[in-house]
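What follows is a set of notes on a single structure, which appears directly below.
Residue numbers (the numbering used here), protein chains in the order written: chain A, 1428 to 1718; chain B, 1340 to 1715.
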């Protein structure tokens, strides 16, 4: 029982990070029909930007701020203007392929200019345990979970409770009508790219102390978050959150109770089941598109 | 005037060609990227340092050493292609790879070409297949694991042991020997966990270890995964003592795992913290050149080159075909060849006999607790 509790907490902590990344997937899809296959590498890069800032002499807190700002500049603004905007007019598929190329480019660039070896990364959450319901739970797990949940709640509040959020939703749901009623659609789309960049930088900050900073570390994350987004519902932020948490827990329980050797297969099997029986995702809504 | 310049240029070209022809060419295939990048980078740097030293002193039998480095990407398939390419250039000796899986698929190629292969792999089976051209730079698992099992049983007094291993040739080889030895000594394996190479998340594996409540945990993973599991073991508050091999308490693991590495123990065939003056001097030279402290793979690469030098000196000529026969049964003494760092004897199978160390990580540093002597 104690083992199950530990597994649930660890799974939720990892799942919360998957959720952050998956939310970014859904945001970009909703506002600009961008399927970003470089999303995993987007999580890998901010850690290296922060490490570079620290190597240049910046203290950790300043490196975090610089890393997040640089991520928003590179993975938000530059990504949209230099890759998404020029490729978008060619359709969804060429853009998706371009993001795959970007993923390879980012990995190779980090390998070339930083190192192919893993690097340690400091944790913003102190080590140690706290007792919850008689179980010792690590502060790191709780810290990761709390920060990720705060970020997701903050985003949900922004989308649902503010005028800016309503404009973003309007721009995502029907850009033509949104334009007519005076919503600056282009600016709203840019904002979602910046929010995505912020979320991946936060995910990077939380996961890298556990996974270590390595040029390949985005591969696992990108795949898990992509599965989470599809399982939860690609067109719903709440679906991505649920999908992330579910995949995190499922992965840990499968590794512990089924087999560690085939742990990666379990979320995949779950994904296939969802696609077969509920293609819109667990919390998603069915969409029809003209082909 | 023109003819003088032309003659000078021709002379320079002829001299350069002659020096080039005299060089002894070595080929290295190592894990310069991918999961084994730490292994391969240290190995490569060790090789380069040794070659620089030897060439600065006039080379081997008056000939300079030259090496080409190729990246196996930590992938046995790529390693095989790179080794084939390297062998096509007819090197004097083949160096690497470091991963046992890559050695396993490349060793038949080198043997077929009749080229000696000096490698970093530690899987027991590598030198048990009758290959007459394969040589180790460190202990094979059949030499080290019985020492590890004995330490877990006798010194740690562990009756129940959790064994965590990486699911590849290296991990499986070590796991098989240690489980057999623990069983023979009377310690029970209460958890036998395989993990994947490159695995990032060890929460579930550590959860299983906690549930098994062992007296000791034997961890046998590659360096980066070792660091990740050490962090997770600390995160989940596992207090059972940790025992491993070189890959659990290497410099890179300590750097990556930070505080979580403290208290971990391991049997080490080679360590830069060994109480041996020549090794200390090597460590200083390496750190000065590369700005970091090498792990055992740096030592392996360095030793590989001095194995080439000592064997060639013994033959009195650079004869690629006679190299393997000369190295079999050879004892190289550090007093005669300081670059070999410790006295070493090579068996007829390419295995080595050398003193080894029992190490514990204390406050982020390897501390040698026991020196285990050479067997013969």
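Ideal Cβ positions, reconstructed from N, Cα and C, are used throughout, including at glycine. Quick caveat: nothing in here was measured; it's all calculated off a predicted structure.
Taking CB distances under 8 Å as the criterion, tell me whether residue i reaches chain B.
i, result
"residue 1567 of chain A", "yes"
"residue 1706 of chain A", "no"
"residue 1468 of chain A", "no"
"residue 1644 of chain A", "yes"
"residue 1683 of chain A", "yes"
"residue 1663 of chain A", "no"
"residue 1709 of chain A", "no"
"residue 1638 of chain A", "yes"
"residue 1613 of chain A", "no"
"residue 1547 of chain A", "yes"
"residue 1688 of chain A", "yes"
"residue 1534 of chain A", "no"
"residue 1718 of chain A", "Note that residue 1718 of chain A has pLDDT 48, beneath the 50 cutoff, so the model's placement of it is unreliable and no number is given."
Alpha carbon to alpha carbon, how far is residue i from residue j?
i, j, result
"residue 1543 of chain A", "residue 1609 of chain A", "49 Å"
"residue 1672 of chain A", "residue 1485 of chain A", "34 Å"
"residue 1448 of chain A", "residue 1363 of chain B", "53 Å"
"residue 1468 of chain A", "residue 1493 of chain B", "47 Å"
"residue 1711 of chain A", "residue 1426 of chain B", "57 Å"
"residue 1670 of chain B", "residue 1525 of chain B", "36 Å"
"residue 1458 of chain B", "residue 1561 of chain A", "51 Å"
"residue 1485 of chain B", "residue 1585 of chain B", "14 Å"
"residue 1596 of chain A", "residue 1586 of chain A", "7 Å"
"residue 1506 of chain B", "residue 1587 of chain B", "16 Å"
"residue 1564 of chain A", "residue 1636 of chain A", "17 Å"
"residue 1472 of chain B", "residue 1556 of chain B", "36 Å"
"residue 1604 of chain B", "residue 1548 of chain B", "18 Å"
"residue 1531 of chain A", "residue 1707 of chain B", "43 Å"
"residue 1523 of chain B", "residue 1481 of chain B", "15 Å"
"residue 1527 of chain A", "residue 1537 of chain A", "16 Å"
"residue 1703 of chain B", "residue 1541 of chain B", "22 Å"
Tell me which same chain residues have a C-beta within less than 7 Å of the C-beta of residue i, skipping the five on either side of it?
i, result
"residue 1440 of chain A", "1568, 1571 and 1572"
Run through DSSP, which three-state label would residue i get?
i, result
"residue 1354 of chain B", "Confidence at residue 1354 of chain B is low in this model, with a pLDDT of 47, below 50, so the placement of that residue should be treated as unreliable; the coordinate-derived value is given next. Note: residue 1354 of chain B maps to helix in three-state DSSP."
"residue 1360 of chain B", "At residue 1360 of chain B the pLDDT is 49, less than 50, meaning the model places this residue with poor confidence; the figure from the coordinates comes in the next sentence. Correct three-state label for residue 1360 of chain B: helix."
"residue 1696 of chain B", "strand"
"residue 1718 of chain A", "Since pLDDT at residue 1718 of chain A reaches only 48, below the 50 mark, its modelled position is unreliable, and the value read off the structure follows with that caveat. Three-state result, residue 1718 of chain A: coil."
"residue 1667 of chain B", "coil"
"residue 1442 of chain A", "helix"
"residue 1413 of chain B", "coil"
"residue 1477 of chain B", "coil"
"residue 1405 of chain B", "strand"
"residue 1538 of chain B", "coil"
"residue 1531 of chain B", "strand"
"residue 1691 of chain B", "strand"
"residue 1577 of chain B", "coil"
"residue 1494 of chain B", "helix"
"residue 1372 of chain B", "coil"
"residue 1686 of chain A", "coil"
"residue 1563 of chain A", "strand"
"residue 1458 of chain A", "helix"
"residue 1685 of chain B", "strand"
Which residues in the same chain have their Cβ closer than 6 Å to the Cβ of residue i, if we skip the five residues on either side of it in sequence?
i, result
"residue 1595 of chain B", "1566"
"residue 1551 of chain B", "1501, 1529 and 1530"
"residue 1623 of chain A", "1451, 1454 and 1455"
"residue 1634 of chain A", "1444"
"residue 1644 of chain A", "1471 and 1638"
"residue 1498 of chain A", "1473, 1624 and 1628"
"residue 1502 of chain A", "1469 and 1624"
Might you give, ordered along the chain, the residues of its own chain that have their beta carbon closer than 8 Å to the beta carbon of residue i, omitting 5 neighbours on each side?
i, result
"residue 1701 of chain A", "1657, 1658, 1708 and 1709"
"residue 1360 of chain B", "Low per-residue confidence applies at residue 1360 of chain B: pLDDT is 49, beneath 50, and the placement is therefore not dependable enough to give any value."
"residue 1629 of chain A", "1447, 1495, 1574, 1575 and 1578"
"residue 1532 of chain B", "1501, 1502, 1503, 1504, 1544, 1547 and 1548"
Could you tell me how far apart the beta carbons of residue i and residue j are, in whole angstroms, since I believe they sit closer than 8 Å?
i, j, result
"residue 1685 of chain B", "residue 1474 of chain B", "6 Å"
"residue 1436 of chain B", "residue 1418 of chain B", "5 Å"
"residue 1438 of chain B", "residue 1504 of chain B", "Contact doesn't hold; Cβ gap of about 15 Å is too wide."
"residue 1395 of chain B", "residue 1644 of chain B", "Actually they do not touch by this definition, with Cβ atoms about 13 Å apart."
"residue 1480 of chain A", "residue 1493 of chain A", "5 Å"
"residue 1423 of chain B", "residue 1448 of chain B", "6 Å"
Kindly indicate if chain A contains any beta-carbon less than 8 Å away from that of residue i.
i, result
"residue 1515 of chain B", "no"
"residue 1477 of chain B", "no"
"residue 1549 of chain B", "yes"
"residue 1560 of chain B", "no"
"residue 1506 of chain B", "yes"
"residue 1576 of chain B", "yes"
"residue 1440 of chain B", "no"
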